[in-house]
Amino acid sequence: MKLVICICTYKRNDSLFKCLQSINNLKISNKISLKVLIVDNSLNNNSYKILKKKKFKFPIIHVNEKKRGIVHSRNRILFELKKLNPKYVSFFDDDCTVDKFWLINVLKVIAYKKADIVTGPQIYPKEINSKKINYAIFFEKKVKGNISKVNWAASNNVFFKYKVISKQNISFDIKLNKFGIGEDQLFFSILNQKGFKIYWSKNIKVYEKIHNHRLNIKWLVSRSYRLGVLGHYIDVKLYGVIFGYLINYLKSLLYLFFSISNIFCFFDKEFKIHFLNMIARFYGRLVGPFK
931 MKLVICICTY
941 KRNDSLFKCL
951 QSINNLKISN
961 KISLKVLIVD
971 NSLNNNSYKI
981 LKKKKFKFPI
991 IHVNEKKRGI
1001 VHSRNRILFE
1011 LKKLNPKYVS
1021 FFDDDCTVDK
1031 FWLINVLKVI
1041 AYKKADIVTG
1051 PQIYPKEINS
1061 KKINYAIFFE
1071 KKVKGNISKV
1081 NWAASNNVFF
1091 KYKVISKQNI
1101 SFDIKLNKFG
1111 IGEDQLFFSI
1121 LNQKGFKIYW
1131 SKNIKVYEKI
1141 HNHRLNIKWL
1151 VSRSYRLGVL
1161 GHYIDVKLYG
1171 VIFGYLINYL
1181 KSLLYLFFSI
1191 SNIFCFFDKE
1201 FKIHFLNMIA
1211 RFYGRLVGPF
1221 K
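Anchor point for the sequence shown: position 196 equals 1126 in the numbering used here, and the numbering is continuous, going up by one each time.
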């Protein structure tokens, strides 16, 4: 069984090396032929100089994508996969490490649910600094139960059958390059809309590095706003102009309601965070049609 793990990277050599080390430690059957495809988006192919000196259990296919932006890198992966024609594909981010039982748990869910696509949580270290808040946790996917059907998956932790995309005329939307986020949400939402089943399991875990810039509440507000604008674009792409606009403004009203309701939760130490998160999302949805 051929599996290709795909990683896009940009000037994160230390994190990338730790990610590859964690893949090296995966519990894996002898029946699985594993390769890792790395797409480096730096102009000087920065990671290649470092990784060529390292040894891993698996072969690494290393390519350099000159066109700047995460969408170009992800589409380069799709191009390279056509040459490799694997049975399964996985995407990770270059700043994550993978639980050693990740692949075992992935294959269990594939077999149990007959899933086309599976995903799971990204977990952050519990303690970083008592005076700092990792605002990234407020964007974690909220899923109930051990295994649940979901509408989309993120590219920081996803595994799927290659035939799901090989027979589809699909790519990552180049217009989302300016956001730097959301291209994976739209990509897998479209596949879900086409009838492919996506399941989330709490046991399919990756561990994500905490970045210093995400410890600033300005980052939370900026990201929430961008997700609001992005949400409008995704709704229009999925449901058409009329229904997309209608859904967008209904969601914007919900975010406004949630933001106002948080004002009355002033006794909650996180009320300010929730308020800013919701009001920024509301404003992003509100102005999204004009962006």
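Just so you know, even glycine gets a beta-carbon here, dropped at the ideal spot from N, CA and C. All values derive from a computational prediction rather than experimental measurement.
Expected contact under 8 Å - CB spacing of V1048 and Y1129 to nearest Å: Here the question's residue 1048 lines up with position 118 in the sequence shown. Here the question's residue 1129 lines up with position 199 in the sequence shown. 5 Å between Cβ atoms; contact.
For N1035 and N1015, the rounded distance between their alpha carbons: If you number the sequence shown from 1, residue 1015 lands on position 85. If you number the sequence shown from 1, residue 1035 lands on position 105. Roughly 23 Å between the two C-alpha positions.
D944 classed as buried or exposed, judged by whether at least 16 other C-beta atoms fall within 10 angstroms: Position 14 of the sequence shown, counted from the start, is the residue given in the question as residue 944. That one is exposed.
Segment limits, alpha helix (DSSP H) that includes E1010: Here residue 1010 refers to the residue found at position 80 of the sequence shown. From DSSP, the alpha helix (DSSP H) with E1010 extends over 1000-1014.
Residue range of the beta strand (DSSP E) that includes Y1129: Position 199 of the sequence shown, counting from 1, holds the residue named residue 1129. Unbroken beta strand (DSSP E) run through Y1129: 1128-1131.
Residue-level contact to chain B via CB, L973, 8 Å cutoff: Among the protein chains of the structure shown there is no chain B, as only one such chain exists.
In DSSP terms, what Q1052 is bridged to: For the purposes of this step, residue 1052 is taken as the residue at position 122 of the sequence shown. Partner(s): V1136.
Short Cβ contact (8 Å threshold) for V969 with I935: Here residue 969 refers to the residue found at position 39 when the sequence shown is read from its first residue. Here residue 935 refers to the residue found at position 5 when the sequence shown is read from its first residue. No. Outside cutoff.
Sufficient close CB pairs (3 or more, under 8 Å) joining the stretch 1171-1183 to the stretch 1116-1127: no
Cβ neighbours of R1006 in the same chain (closer than 7 Å, five flanking residues each side left out): Against the sequence shown, residue 1006 aligns to sequence position 76. Within the same chain, R1006 has close Cβ partners V969, V993, E995.
CA-to-CA distance, K1132 to G1075, given in whole angstroms: On the sequence shown, residue 1075 is found 145 positions in, with the first residue counted as 1. On the sequence shown, residue 1132 is found 202 positions in, with the first residue counted as 1. Using only the alpha carbons, I get a separation of about 8 Å.
Helix, strand or coil at N1087 [DSSP, three-state]: Numbered from 1 along the sequence shown, position 157 holds the residue referred to as residue 1087. It is a strand residue.
Validate contact between the stretch 1088-1105 and the stretch 971-991 using beta carbons, cut 8 Å, 3 pairs: no
Residues that DSSP places opposite L1021 in a beta bridge: Counting from one through the sequence shown, the residue named residue 1021 turns up at place 91. Sequence check: residue 1021 is Phe here, not Leu. Beta-bridge pairing links F1021 to C936, V1088.
Anticipated Cβ contact below 8 Å, G1214 with V1159, distance rounded: Working through the sequence shown from its first residue, we reach residue 1214 at position 284. Working through the sequence shown from its first residue, we reach residue 1159 at position 229. Sure, about 4 Å apart at Cβ, within 8 Å.
K961 to K932 span [Cα, whole Å]: If you number the sequence shown from 1, residue 961 lands on position 31. If you number the sequence shown from 1, residue 932 lands on position 2. Approximately 9 Å between the Cα atoms of the pair.
Short Cβ contact (8 Å threshold) for L1145 with Y1065: Sequence index remark: in the sequence shown, residue 1145 carries index 215 (1-based). Sequence index remark: in the sequence shown, residue 1065 carries index 135 (1-based). It is a contact, given that the beta carbons lie within the stated cut-off.
Given L973 as reference, the closest of Q951, R998, L981 once Cα atoms are compared: The residue you call residue 973 lines up with position 43 of the sequence shown. Cα-wise, what sits closest to L973 is R998.
Whole-number beta carbon distance between I1164 and G1112, since they are thought to touch under 8 Å: Position 182 of the sequence shown, counted from the start, is the residue given in the question as residue 1112. Position 234 of the sequence shown, counted from the start, is the residue given in the question as residue 1164. Indeed they touch by this definition, with Cβ atoms about 7 Å apart.
Proximity to I1077 [Cα-Cα], best of E1200, K1127, Y1179: Within the sequence shown, the letter at position 147 stands for residue 1077. Minimum Cα distance to I1077 is reached at K1127.
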